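Under mature numbering (1 follows the signal peptide of the UniProt record, and there is no 0), the residues of the sequence shown are numbered -19 to -1, 1 to 381, in order.
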Amino acid sequence: MGRLAVGSAGLLALSLLMACSTEEKVPQRAAGSTSAPDVVVAVTPLDRSGNVPTDKTVVVAAHGGTLKNVRVAGKQGELPGVISADGTRWRSNRTARPGTTYTVTSLAVNAAGREKRTTSTFSTVKAAKTFDIAQLTPSKDYTGLTVGVGMPIMIAFDQPVTDRVSIERNLTVRTSKPVHGAWHWFDDQHVDFRPDEYWPAHTRVRLEARLAGVRGGEGLYGKRDVTLDFKIGRSQITKGSTQEHVLHVVRDGKRVRSMPMSAGKGGVWKYYTTSGVHLAMSREPVTIMTSPGIGPGQSGYYRLTVYNTVRISNSGEYVHSAPWSVGSQGNSNVSHGCVNVSPANAKWFIDNTLIGDPIIITGSPRKLEPTNGWGHWQENWKQWLQWSSTKDGPTLPLDI
């Protein structure tokens, strides 16, 4: 009887223990149900940040999920960007505007499909002043938008800029044919682009100067974006020697015209035609030419009306009609530095020349300076790159 009582007590205790265990057990999930932690979204710059540099990359990252949408918007428009292939990161891909408050909104989703929206803001540094492109060449009005194979892209700013790297990184050249080139600074207001070799004939070119908000110096930021589209025409290269007295015009690899010429007579340094790779800078039906450094009444003074002129430097050199020297053309040099040709040849040359066509003169002791007009090709590639902040590289493709 006593032994039976003890056994009953043990069974009772075991029964109570089992009952307690059952109450604390976590219920099993129904088949097909899922659970996952919420996605965590991190934004850089941090919420309510101020004085953020305009070139600071905005990054939105999703941890434990993926991004479905990101928008960064300010009063002057949205800041574009791209989401990574795995959907976990968004990065801005251009410069922000100065003195602007941006709102960053994102929509992310976790592994279970549960969405999460986030919003934050940041403000960029204010601009003390802005800079702009004062002149861009080629241009529709000055050169036309179909130019020669030697034509550089030339940018002149309205004031000095010092952050050359920042500016170069936001100058993009796109071409319809592969081109290898580089930018080159002549001073703090002029930066030019040329290929390492002449442009391929019939290449379409686009310059994208995405300078709005780009830092140009302390407190100085770009005012706007500018886009330029132009085309390279046929390849035409003119070569002549001051010793052989003939200009040969070669178009697309074939000689199309030979023109007797008379170059600078020399004696005085300024009366030598410069040797080097010139570019056609302008085509002028009528040009008034005066003696450099000599006034009326002085010995050697002249003032002439000259027709059908093609300018090749800033020091007063032209290929032009010279009926007065036809007898010397082809055999001797009698000019004050220009390249004289007959009226018929001058008319043909002006009608068949594109701005940017190379005109190469050899045989003279006076060399064309790289800064005399468009003497860009006077520098070899190594010399050209010495004044580039980001060095050389291929152009980006242009879809046409």
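Quick reminder that beta carbons are idealized off the backbone N, C-alpha and C, glycines included.
Every value quoted in this text rests on a predicted model; they were computed, and no experiment measured them.
According to the DSSP assignment, A325 belongs to no beta strand (DSSP E) but to the alpha helix (DSSP H) extending over P324 to D332. Minimum Cα-Cα distance from M240 among the listed residues S256, T255 and K220 corresponds to K220. Per DSSP, reduced to three states, the secondary structure at E350 is coil, with no helix or strand assignment. Taking 8 Å as the cut-off, the beta carbon of S147 is found closer than this to the beta carbon of D36. Residue burial is scored here from C-beta neighbours: N50 has fewer than 16 other C-beta atoms within 10 angstroms and is therefore classed as exposed. One Cα belongs to A43, the other to P61, and the distance between them is close to 18 Å. In this chain, the alpha helix (DSSP H) harbouring Q364 covers W362 to L366.
The DSSP-derived three-state label of E149 is helix.
The criterion of a C-beta distance shorter than 8 Å is satisfied by P375 and P159.
Remark: C-beta atoms of H165 and W368 approach each other more closely than 8 Å. Here the alpha carbon of T143 sits roughly 16 Å from the alpha carbon of A193. For Y83, the number of other beta carbons within 10 angstroms of its own is at least 16, and it is reported as buried. Between the C-alpha atoms of L377 and K235 there is a straight-line separation of about 31 Å. Judged by pairs of C-beta atoms under 8 Å, the segment 200 to 209 does not touch the segment 315 to 330, as fewer than three such pairs exist. Leaving aside the five residues that flank G257 on each side, the residues in its chain whose CB is nearer than 7 Å to its CB run, in chain order, I342, K348, L349, G356 and Q359. Per DSSP, E96 is one residue of the beta strand (DSSP E) stretching across E96 to T105.
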